[in-house]
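Q: Numbering-wise, the sequence shown is residues 946 to 1084 according to my numbering.
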Amino acid sequence: MQQLHDEHAAALWGFCLHLTSDPVRAEDVAQETLLRAWQHYEVLDESRGSVRSWLFTVARNIVIDEWRSKRYQNERSTDHLPEPGDPVDQTDTLLQSWVVAEAVTQLSPDHRAVLLECYYRGRSVAEAARRLGVPEGTV
946 MQQLHDEHAA ALWGFCLHLT SDPVRAEDVA QETLLRAWQH YEVLDESRGS VRSWLFTVAR
1006 NIVIDEWRSK RYQNERSTDH LPEPGDPVDQ TDTLLQSWVV AEAVTQLSPD HRAVLLECYY
1066 RGRSVAEAAR RLGVPEGTV
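(1) For a test of the three-state rule: what should DSSP assign to glutamate 1011, helix, strand or coil?
(2) Could you tell me whether the region 1041-1057 touches the region 1001-1010, using the rule of 3 or more Cβ pairs below 8 Å?
(3) Does the region 980-987 come into contact with the region 961-972, if we say contact requires no fewer than three beta-carbon pairs (one atom in each stretch) closer than 8 Å?
(4) Given alanine 1071, which residues of its chain have a CB within under 7 Å of its CB, disregarding the five upstream and five downstream residues?
(5) Taking C-beta to C-beta, are alanine 955 and arginine 997 nearer than 9 Å?
(6) Suppose the cutoff is 6 Å on Cβ atoms and the five residues either side in sequence are ignored; what does the same chain contact list for tryptophan 999 look like?
(7) To the nearest angstrom, how far is the alpha carbon of serine 995 from that of glutamate 1011?
(8) Straight-line CA distance for arginine 1068 to leucine 1077?
(9) Using only alpha-carbon positions, find the residue among Asp967, Thr965, Trp958 and Ser966 that is nearest to threonine 978.
(10) So for arginine 1068, helix, strand or coil by DSSP?
(11) Determine whether the beta carbon atoms of leucine 1060 and leucine 1052 lie at a separation below 9 Å.
(12) For the alpha helix (DSSP H) containing glutamate 987, list its first residue and its last residue.
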């Protein structure tokens, strides 16, 4: 196995990097390929064909299997996500706050008071009912 690794690991990793465009995934695929070679050592006989061709075929199949699997489809790269401190377009948030403010002005004073106590001040239904002097079921 050491000889196999010494002769083919660098080329295998390069091939895997070409397939995945991700150094970490390329390393994982190369390791999985070498593990499968170890598990199926009988195919490593040069008289049966090129070992490197077999390794590259196995690596390609591993990548294809990952692409087809649900696990790969559900994984998303976080490399291109904005950082929490990045400036974000606040247009939608501003527009939504205007719509909500307009809707609140359309409420009756009693309903507005309930909204103020529960939503903006964060009080529970029981606390809001007690402060407003109404039954909890009314809130």
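Ideal Cβ positions, reconstructed from N, Cα and C, are used throughout, including at glycine.
A: Working from what's here:
(1) Here residue 1011 refers to the residue found at position 66 when the sequence shown is read from its first residue. It is helical.
(2) no
(3) no
(4) Position 126 of the sequence shown, counted from the start, is the residue given in the question as residue 1071. Taken in chain order, the residues that qualify are Glu1081.
(5) Along the sequence shown, one-based indexing puts residue 955 at 10. Along the sequence shown, one-based indexing puts residue 997 at 52. No, they are not a contact pair.
(6) Here residue 999 is taken as the residue at index 54 of the sequence shown, counted from 1. Excluding positions up to five away in sequence, the list reads Val988.
(7) Residue numbering aside, residue 995 sits at position 50 when the sequence shown is read from its first letter. Residue numbering aside, residue 1011 sits at position 66 when the sequence shown is read from its first letter. Cα-Cα distance, rounded: 25 Å.
(8) For this step, residue 1068 is matched to residue 123 along the sequence shown. For this step, residue 1077 is matched to residue 132 along the sequence shown. Each residue's Cα considered, the two are about 11 Å apart.
(9) Locating residue 978 in the sequence shown gives position 33, where the first residue counts as 1. Among Asp967, Thr965, Trp958 and Ser966, the Cα nearest to that of threonine 978 is on Trp958.
(10) On the sequence shown, position 123 is the one that residue 1068 refers to. Three-state DSSP puts arginine 1068 in coil, outside helix and strand.
(11) Taking the sequence shown and counting its residues from 1, one reaches residue 1060 at position 115. Taking the sequence shown and counting its residues from 1, one reaches residue 1052 at position 107. In contact: leucine 1060 and leucine 1052 (Cβ atoms closer than 9 Å).
(12) In the sequence shown, counting from the first residue as 1, residue 987 sits at position 42. First-last for glutamate 987: undefined, no H or E at that position.
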